[in-house]
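Under the numbering used here, residues 21 to 166 are what the sequence shown spells out, in order.
By construction, the Cβ of each residue, glycine as well, lies at the ideal position given by its N, Cα and C atoms.
Keep in mind that this is a model prediction, so the values were computed, not measured.
Working notes for the structure below.
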Amino acid sequence: MTIEIKAFNELTLNSLYEVLQLRAEVFVVEQNCPYQDVDGKDQKAMHILGYHKEQLVAYTRVFKPGYYFDNASIGRVVVKENARQYGFGKDIMKASIAFIEDTLDLSTIELSAQTYLKKFYNDLGFKEIGEGYLEDDIPHIRMIKK
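Here you go:
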């Protein structure tokens, strides 16, 4: 998988379209969760895009401390349904973590994880904090990596 890291103003129109299409495909259609994905936060995020054979298959967005949580954070973690068996989720998360640790020089990372993915994030060094909660009617847990 080829990784690209872009600020919002560095995204081409085609790249932005691919990102929004992938997020809607998974979060709205596949998970049957009608919600406002375009939330006004993309402009403040760094976008981590994962391409395989020139197709966007994985994506996250990264925030500096204070934009989403008190610490740096990773959100909108998504892998195209037909590409989930290749480890792209782990690859895009490792790239996102490396960006925060190496480029932003920060060591504490938070995220809001869908509860069923807790082990996936545990394997990447994240630990649960607090109680579970519903976000858009989907069970979530707040997690942190120090």
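- Residue state for residue 103 is assigned as helix, using DSSP reduced to three classes.
- When Cβ pairs closer than 8 Å are counted between the two stretches, the segment 138-145 is seen not to touch the segment 32-41, the count staying below three.
- Per DSSP, the unbroken beta strand (DSSP E) holding residue 66 starts and ends at 66-72.
- The C-alpha of residue 52 lies about 27 Å from the C-alpha of residue 66.
- By a beta-carbon distance limit of 8 Å, residue 77 contacts residue 100. Their separation comes to about 5 Å.
- The DSSP assignment places 129-134 as complete runs of the beta strand (DSSP E) inside the segment 121-153, in order along the chain (cut-off: 3 residues).
- Membership of residue 42 in the alpha helix (DSSP H) is indicated by the continuous run 33-43.
- Note on geometry: alpha-carbon atoms of residue 116 and residue 79 lie some 9 Å from one another.
- With respect to the 8 Å criterion, residue 71 and residue 113 are not classified as neighbours on the basis of their beta carbons.
- About 26 Å separates the beta carbons of residue 63 and residue 108, which is beyond the 8 Å limit, so they are not a contact pair.
- Relative to residue 68, the option among 83, 158, 129 whose CA is nearest is 83.
- Measuring C-alpha to C-alpha distances from residue 98 to each of 73, 45, 86, 125 identifies 45 as the nearest.
- When the five nearest sequence neighbours on each side are left out, the beta carbons in the same chain lying within less than 6 Å of the beta carbon of residue 85 are those of 91, 92, in order along the chain.
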